[in-house]
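Following: one structure in structure tokens, then a few remarks.
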Ligand code: BG6
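Numbering (the numbering used here), first residue to last: 16 to 523.
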């Protein structure tokens, strides 16, 4: 721990994000001695509450989230850092009051302040304006940073307008646009895997890779979030942010150092190189769908054509990736919760062995499982013993659970909050990045409507999406690889047993 005391101000302190994610993450950082214990956390929201009522509420939720890790002695020390200030986000005078309260609490003038906007997106502009007007963005007395949650805009134009608004009060270097996928250990491990090893990078290009698949599947349906979800849909909810970020990390060139701008410059180059299609050109490159029963969810209009599933082909026009399609898909109510990146390598140029009777030889495949069963799995061909030159796919596998204790993988917010406190913006999104991601997604969002009209392909909950998505890939001579690492693992368990039987000496 090397940070100086800071004040973390949470706007929207009575909401779910605060109690279920932010406070447990801050508590864990405190428990692990990762930020200065003289720091303060100030919650700001409309609901009247005393400091103690606020602390009690947060304790209940943190216990629920963290279980035994929410040790009461440790919580007692932590909760002394927590304060509450009642106020209305839309009233400038309330920011002055908040500022005065923070100044009272700050026994160490010159310390930094982190403002976390855990509020409805339509309130971002007012909040940043008022922070600016109240002089709370000024760095005369120490650093000031603001974390802004997704969604950052609804399209390119609104994201540009929001960036302008934010920049009227804060410099870009003070702005931390959060995407919790970048806080996932395994997403960060992608950088280590690619750039701290020398054997993968030489084959990470069009000469060896046939296609890349990025899947973020969820079993859950929209639940009680229909009010937000129905106006967003999967393309805004998952693609513009999480999927574009993962795509950029998979495809980017090696940055010269692990530093915010070096990293973000490389991601920007990838997003800039994504082939634009224009709304009309989207047909043939994307499929959307809606799960059966979506209209029965509470809060969903009965004629809603909001997509809950989408699949998209992205082409990156640069030397490394020319001709290599990146297939992205995500949806709710799918067969499994999984986030997986598959690098499907090309087949060998010539095969001197007979191919198996039951199909083509599988070419090498690298599966990076972001969640759950976090790990990396590389499949390759081996010879089946005592069966002539019969070939079989085998795997090399790394599983986090084999190498690290349970609970070794922290929640994304833990890492991201700490980085923001320490002023490291590497895992946050820069203004140009966010705008470029919208530039890629805007035509897809408007394009599918023109192509689908009023009829959206439907899919059964618990499947891998609409059949149209399978035919979309089939037309391109490819197929989705569903849950690759798990399937390989199951296959290995099955064939492991049968092989042992085959090898038993006759008569045993
Ligand atoms: C959020 C989306 O950003 O990410 C949710 O708004 C989605 O709809 C969630 O469920 C998925 O995150 P994770 O970490 O569970 O994969």
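All C-beta atoms, glycine included, are put in the ideal place defined by N, C-alpha and C.
Measuring only the C-alpha atoms, how far is residue 313 from residue 238? Distance between the alpha carbons of residue 313 and residue 238: 8 Å.
Distance, residue 283 Cα to residue 609 Cα: An answer regarding residue 609 cannot be provided, because it is not within the stretch 16 to 523 covered by the chain.
How about residue 253: is its Cβ closer than 7 Å to a heavy atom in the ligand BG6? For the ligand BG6, at least one heavy atom lies less than 7 Å from the Cβ of residue 253.
What whole-angstrom Cβ distance do residue 258 and residue 231 have, given they're in contact under 8 Å? Yes, residue 258 and residue 231 are in contact; Cβ-Cβ is about 6 Å, under 8 Å.
Range of the contiguous alpha helix (DSSP H) that encloses residue 80: Segment 66-81, the alpha helix (DSSP H) holding residue 80.
Name the DSSP bridge partner or partners of residue 178? Partner(s): none; residue 178 has no beta bridge.
Measuring straight from C-alpha to C-alpha, what distance separates residue 12 and residue 428? The question about residue 12 has no answer here: the residues shown for the chain are numbered 16 through 523.
In whole angstroms, what is the alpha-carbon distance linking residue 87 and residue 97? Separation of residue 87 and residue 97 (C-alpha to C-alpha, rounded to the nearest whole angstrom) is 15 Å.
Cα-Cα separation, residue 523 to residue 401: Low local confidence applies: a pLDDT of 41 at residue 523 is under 50, so the model's placement there is unreliable, with the coordinate-based value given in what follows. Looking at the two C-alpha atoms, the distance is approximately 18 Å.
What does DSSP give as the partner residues of residue 98 in its beta bridges? According to DSSP, residue 98 bridges with 57.
Report the three-state DSSP secondary structure of residue 284 (helix, strand or coil). Residue 284: helix per DSSP, three-state reduction.
In this structure, does DSSP put residue 224 in helix, strand or coil? Correct three-state label for residue 224: strand.
Give the straight-line distance between the Cα atoms of residue 370 and residue 407, rounded to the nearest whole angstrom. Cα-Cα distance, rounded: 10 Å.
Closer than 6 Å by C-beta to residue 220: which residues in its own chain qualify, once you throw out the five before and the five after it? Chain order, please. If you ignore the 5 residues before and after residue 220, its C-beta comes within less than 6 Å of the C-beta of 335, all in its own chain and listed in chain order.
Measuring only the C-alpha atoms, how far is residue 119 from residue 69? A direct Cα-Cα distance of roughly 19 Å separates residue 119 from residue 69.
Under the criterion of a Cβ to heavy atom distance below 7 Å, does residue 233 qualify as lining the ligand NAP? No copy of the ligand NAP appears in this structure; the ligands present are the ligand BG6.
Beta-carbon contacts of residue 216 that lie in its chain and below 8 Å, excluding the five residues immediately before and after: Only 209, 210 and 269 meet the Cβ criterion.
My assumption, with CB atoms under 8 Å, is that residue 224 sits in contact with residue 339. Please give the rounded CB distance. Confirmed, about 5 Å.
Can you name, in chain order, every residue of its own chain whose Cβ lies under 7 Å from the Cβ of residue 29, other than the five neighbours on each side? Hits under 7 Å: 60 and 62.
Could you check if residue 420 is buried or exposed, using at least 16 other CB atoms within 10 Å of its CB as the buried criterion? Classification for residue 420: exposed.
For residue 492, count neighbouring Cβ atoms within 10 angstroms of its own Cβ and tell me buried if that reaches 16, exposed if not. Burial call: exposed.
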